[in-house]
Amino acid sequence: DGGITQSPKYLFRKEGQNVTLSCEQNLNHDAMYWYRQDPGQGLRLIYYSQIVNDFQKGDIAEGYSVSREKKESFPLTVTSAQKNPTAFYLCASRPGTGSTGELFFGEGSRLTVL
Amino acid sequence: AQSVTQPDIHITVSEGASLELRCNYSYGATPYLFWYVQSPGQGLQLLLKYFSGDTLVQGIKGFEAEFKRSQSSFNLRKPSVHWSDAAEYFCAVKGGADGLTFGKGTHLIIQP
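Residue numbers (the working numbering), protein chains in the order written: chain A, 216 to 329; chain C, -17 to 94.
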């Protein structure tokens, strides 16, 4: 079945450590997105990529980094510069620019900083 | 820039009662509008979407939504809720190149 796979589902990190969250899709979608979700805050866009080897900052990119070396993969690194990294992270994708904009979501990764 | 407001943070409804979740948007052109549902610890699932045409759209799980341009609203409705409808509901609008803009969500509680 086609879909988006995020891993790990739960991750614990000590302060000062970088961690990488995986996002893989087999939907053949061009665009991929990372959102951060905090209680009462809704979803906030971290980074997005509309094509391989290109990505753009979203509203809250500070302390995060991404890469898009393959169409199906869009990993997110939470760096030690991110001051409050404990959150639920959601990866999403959609077809290319001709699409109606609907996003398809993974199941999320919950990061907790100890 | 586009924005979405969901005025109700929490809503409590008795099982079997009707439901309406409010959504107001701000966008200069004709919007593409969406409603998603999220169960605890899960990703988001699309309930329905509006692009053009009939302003009353039907979705999955018995949900419907009505687009009202004059009120900049896209409210979600269900005639009779089930305990399994308890979840977080997000309204979203498409605008620009950077995906969707989401509201902050409405947490739906179902009373037995």
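Where is the CB? At the ideal position from N, CA and C, for every residue including glycine.
Predicted model, so just to flag it, every value in this text is computed and none were measured.
inquiry  = Counting only Cβ-Cβ distances shorter than 9 Å, please list the residues of the stretch 236 to 259 of chain A near chain D, keeping chain order.
reply    = Protein chains in the displayed structure are A and C, and chain D is not among them.
ask   = What separation, rounded to the nearest whole angstrom, lies between the Cα atoms of C:Ile72 and A:Leu305?
value = It should be noted that the sequence gives Phe, not Ile, for residue 72 of chain C. Taking the straight line from one Cα to the other gives about 14 Å.
ask   = What are the boundary residues of the beta strand (DSSP E) that C:Lys60 is part of?
value = Ser55 to Lys60
ask   = What residues in the stretch 11 to 27 of chain C bring their beta carbon closer than 9 Å to a beta carbon of chain A?
value = Hits within the stretch, in order: Tyr14, Phe16, Tyr18, Gln20, Gly23, Gln24, Gly25, Leu26 and Gln27.
message = Tell me the DSSP secondary structure of A:Ser280 in three-state form.
response = strand
ask   = For C:Gly81, which residues in chain A fall below 9 Å Cβ to Cβ?
value = Ala246, Tyr248, Tyr250, Leu260, Tyr263, Gly273, Ala307, Arg309, Gly316 and Leu318
request  = Work out the CA separation of C:Gly81 and A:Asp269 for me, nearest whole Å.
outcome  = Each residue's alpha carbon lies about 15 Å from the other.
ask   = Does the Cβ of A:Glu284 have 16 or more other Cβ atoms within 10 Å, making it buried, or fewer, making it exposed?
value = exposed
ask   = Which residues in chain A sit within 8 Å of C:Lys86, going by Cβ to Cβ distance?
value = Gly255, Gln256 and Gly257
message = Is the separation between the beta-carbon of C:Tyr14 and that of C:Lys76 shorter than 9 Å?
response = yes
Reduced DSSP category for A:Asp245 - H, G, I as helix; E, B as strand; rest coil = Reduced to three states, the DSSP call for A:Asp245 is coil.
Beta-carbon spacing of C:Ile(-9), C:Lys86 below 9 Å = yes
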